[in-house]
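Taking the numbering used here, I'd label the letters of the sequence shown as residues -17 to 151.
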Amino acid sequence: MENAAVLKEWYERVDSNRSGNITAVQLQRALAVGNLEFSLSIVQQMIRMYDFDGNGTMSFEEFVALNKFLLKVQNVFTLLERGRGYLSPDEVYEGLANLGFSLDSPAFLTVCESFDKNKMGMVRLDEFISLCIFVQSARNLFNSFDTTKQGRITLDFNQFVYCTANCRI
């Protein structure tokens, strides 16, 4: 959905109570209509990624930013899946690289296994999106602590607890 008018119309249908913001439950239902089944915690993470005003819901402008991210991830998936409907672990790694994420082998394997729901080495679109949301959220959180931009951080226990609470999916 790239057309702004189409996006606005879709957004307004999802905002069933006409509040000007959509909740995680509303977004979850709307994504399910498009055959994208996400747990509520993943949808809440989507909102947190683009909740620029910090109110816990998604304005139209925030929704446009999320849509842009989702389209980018979906395009990478489509490029790599070759009509099969899933990605192999090697293709997931390539997809993450195409999206600008660089993980070492142990981190990648752990994340990939975590989002392969059926444990068959086949990652479907919704799983790939969930994985990308997790990695992007982890990157955002890491960057908030990496004030010197050197790619390394030191955390005390309280900061670590904060990080784990904010990256759970």
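Built from N, CA and C at the ideal position, the CB exists for glycine as well.
Sheet register partners of residue i (DSSP bridge)
i, result
"M40", "I4"
"V15", "The partner list for V15 (beta bridge, DSSP) is empty, contrary to what the question assumes."
"L69", "V105"
Residue environment, residue i, which counts as buried when at least 16 other CB atoms sit within 10 Å
i, result
"A(-13)", "exposed"
"M40", "buried"
"R106", "buried"
"N(-15)", "exposed"
"D72", "exposed"
"A12", "buried"
"F97", "buried"
"F139", "exposed"
"V55", "buried"
"V74", "buried"
"D86", "exposed"
Beta-carbon proximity check, residue i vs residue j, cutoff 8 Å
i, j, result
"L81", "V46", "no"
"S119", "Q27", "yes"
"F110", "F59", "yes"
"C94", "L123", "no"
"S20", "S112", "Note that residue 20 is Phe in the sequence shown here, rather than Ser. Contact: yes."
"I135", "F127", "yes"
Closer than 8 Å to chain B by CB, residue i
i, result
"C114", "Looking at the structure shown, chain B is missing, and only one protein chain is on hand."
Supposed contact pair residue j and residue i - C-beta distance, whole angstroms, cut 8 Å
i, j, result
"V7", "L22", "7 Å"
"E44", "D33", "6 Å"
"N37", "N3", "7 Å"
6 Å CB neighbourhood of residue i in its chain, flanking five on each side removed
i, result
"K101", "none"
"T5", "T39"
"D35", "none"
Spatial neighbours of residue i in its chain, beta-carbon cut-off 7 Å, leaving aside the 5 residues before and after
i, result
"G77", "V58, F59, L62, L69 and F110"
"M(-17)", "At M(-17) the pLDDT is 48, less than 50, meaning the model places this residue with poor confidence and gives no usable figure here."
Neighbourhood of residue i by C-beta distance below 8 Å, restricted to the same chain and skipping five residues each side
i, result
"L137", "F127 and C145"
"R161", "This structure leaves residue 161 out entirely; the chain is present only between -17 and 151."
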